[in-house]
Amino acid sequence: SQTIHQWPATLVQPVGSPLSLECTVEGTSNPNLYWYRQAAGRGLQLLFYSVGIGQISSEVPQNLSASRPQDRQFILSSKKLLLSDSGFYLCAWTGQGAFYEQYFGPGTRLTVT
Amino acid sequence: KNQVEQSPQSLIILEGKNCTLQCNYTVSPFSNLRWYKQDTGRGPVSLTIMTFSENTKSNGRYTATLDADTKQSSLHITASQLSDSASYICVVSARRSSASKIIFGSGTRLSIRP
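Set out below in structure tokens:
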């Protein structure tokens with residue numbers, strides 16, 4: 075069966091510090107991978123998605139970046155965090171094709187102080 | 438513009454009561470609609486998924502309906518339990534879509550009181 079992992083689960087970082095969040099998927103190959111951010115009491119905002127290794131599409135211009143160094147690994151990074159980067163970050167994956175189920179990881183709670 | 442709107446924004450009901458959450462969408466061309474349950478501080482978990490040809494689907498005490506003509510969906514929860522307290526998110530995907538065409542509603546925050 076497929077499993078999706080995220081770490082860390084929680085993170086408190088000062089403004090201006092770097093960020094690296096990691097997401098890995100097990101039990102499937104060539105998934106579409108997604109990074110979402112959810113502000114408190116708000117809906118999910120798509121940040122990045124990837125259809126393959128090295129292929130990253132950005133939905134929202136910001137100081138975040140994403141990379142996919144391996145088929146089932148997706149990394150969200152920042153060189154300098156802003157207060158507005160605080161939120162709940164979710165990684166998700168889907169299979170290829172027009173009809174697919176989307177599965178979410180457990181999330182990372184990021185607080186920028 | 439592709440949009441998914443949910444109502445109400447929040448809802449409080451007593452344990453044991455039924456409730457219905459609404460979702461209206463303008464996503465086109467439509468592929469499928471999903472309802473997710475998201476507990477606080479957790480990732481969303483899928484409840485139901487429906488395609489254009491399906492107008493109802495059940496998962497235990499959860500029943501989702503879809504009217505593709507009016508572009509409306511509802512999630513009915515029967516005999517609510519305290520564990521049903523969560524956010525419920527409606528998600529609509531476009532057909533023959535790129536990976537980005539998954540549109541999320543902002544969710545309905547449901548609180549079940551004893």
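Protein chains in written order, with the numbering used here: chain A, 75 to 187; chain B, 438 to 551. For each residue, glycine too, the CB sits at the ideal point set by N, CA and C.
> Within the 8 Å Cβ cut-off, does A/Pro-82 reach chain B?
Replying inline: Judged by the 8 Å Cβ criterion, A/Pro-82 is not in contact with chain B.
> Between the C-alpha atoms of B/Leu-519 and B/Asn-455, what's the straight-line distance to the nearest angstrom?
Replying inline: Their backbone Cα atoms lie some 12 Å apart in a straight line.
> According to the Cβ coordinates, are B/Thr-503 and B/Asn-496 closer than 8 Å?
Replying inline: Sequence inspection shows Leu at residue 503 of chain B; the Thr mentioned does not correspond to that position. No, the pair does not count as a contact, with Cβ atoms beyond the cut-off.
> Using DSSP with H/G/I as helix, E/B as strand and the rest coil, what is A/Ser-160?
Replying inline: It is coil, neither helix nor strand.
> Just how far apart, CA to CA, sit A/Leu-184 and A/Ala-114?
Replying inline: In this model, A/Leu-184 and A/Ala-114 are separated by some 11 Å (Cα to Cα).
> Does the beta carbon of B/Ile-486 sit closer than 8 Å to a beta carbon anywhere in chain A?
Replying inline: Yes, B/Ile-486 counts as interfacial toward chain A.
> Can you name, in chain order, every residue of its own chain whose Cβ lies under 7 Å from the Cβ of B/Asp-521, other than the five neighbours on each side?
Replying inline: Cβ within range, chain order: Ile-514, Leu-547 and Ile-549.
> By the criterion of Cβ-Cβ separation under 7 Å, what are the contact partners of B/Ile-514 in chain A?
Replying inline: Neighbours of B/Ile-514 on chain A: none; closest Cβ ~20 Å, over 7 Å.
> Taking the alpha-carbon positions, what's the A/Gln-144 to A/Phe-162 distance?
Replying inline: If you take the alpha carbons of A/Gln-144 and A/Phe-162, they lie about 24 Å apart.
> If you draw a straight line from the C-alpha of B/Leu-458 to the C-alpha of B/Gly-480, how long is it?
Replying inline: Rounded to whole angstroms, B/Leu-458 to B/Gly-480 spans 20 Å at the Cα level.
> Which residue or residues does DSSP assign as beta-bridge partners of B/Phe-541?
Replying inline: Looking at the DSSP assignment, B/Phe-541 forms a beta bridge with B/Val-528.
> Looking at C-alpha atoms only, which residue of B/Ser-517, B/Met-487, B/Ser-530 and B/Ala-523 is the closest neighbour of B/Ser-511?
Replying inline: Closest option to B/Ser-511, Cα to Cα, is B/Met-487.
> Could you give the residue range of the beta strand (DSSP E) that holds B/Asp-504?
Replying inline: Membership of B/Asp-504 in the beta strand (DSSP E) is indicated by the continuous run 499-504.
> In whole angstroms, what is the alpha-carbon distance linking A/Ser-131 and A/His-79?
Replying inline: Using only the alpha carbons, I get a separation of about 21 Å.
>> Measuring straight from C-alpha to C-alpha, what distance separates B/Leu-470 and A/Gly-90?
In response: Looking at the two C-alpha atoms, the distance is approximately 39 Å.
> Is the Cβ of A/Gly-117 closer than 8 Å to any Cβ of chain B?
Replying inline: At least one chain B Cβ lies under 8 Å of A/Gly-117.
> Any residues in the stretch 468-502 of chain B with a beta carbon nearer than 9 Å to a beta carbon of chain C? Which ones, in chain order?
Replying inline: Included in the structure are the protein chains A and B, with no chain C among them.
> According to the neighbour-count rule (16 or more other Cβ atoms, all chains shown, within 10 Å of its Cβ), is A/Lys-153 buried or exposed?
Replying inline: The residue is exposed, with fewer than 16 neighbouring Cβ atoms inside 10 Å.
> Closest to A/Gln-188 by CA distance: which of A/Leu-107, A/Asn-137 and A/Val-125 is it?
Replying inline: Since the first residue shown for chain A is 75 and the last is 187, residue 188 of chain A is missing from the structure and cannot be characterised.
> Leaving out the 5 sequence neighbours to the left and right, which residues in its chain are closer than 7 Å to B/Ser-543 when beta-carbon positions are compared?
Replying inline: Sequence-distant partners of B/Ser-543 (beyond 5 residues in either direction) whose C-beta falls short of 7 Å from its own C-beta, in its chain, are Gln-443.
>> Counting only C-beta atoms, is A/Gly-101 closer than 8 Å to chain B at any point?
In response: Interface with chain B (8 Å Cβ-Cβ cutoff): A/Gly-101 is excluded.
> If B/Ile-540 and B/Val-482 are in contact, beta carbons under 8 Å, what's the gap, nearest whole angstrom?
Replying inline: The pair is not a contact, with the Cβ atoms about 19 Å apart (cut-off 8 Å).
>> So if DSSP puts A/Gly-126 in a beta bridge, which residue, or which two residues, is it bridged to?
In response: A/Gln-129, per the DSSP bridge assignment.
> Can you tell me whether DSSP reads B/Leu-519 as helix, strand or coil?
Replying inline: In this structure, DSSP gives B/Leu-519 a helical state, which the three-state scheme calls helix.
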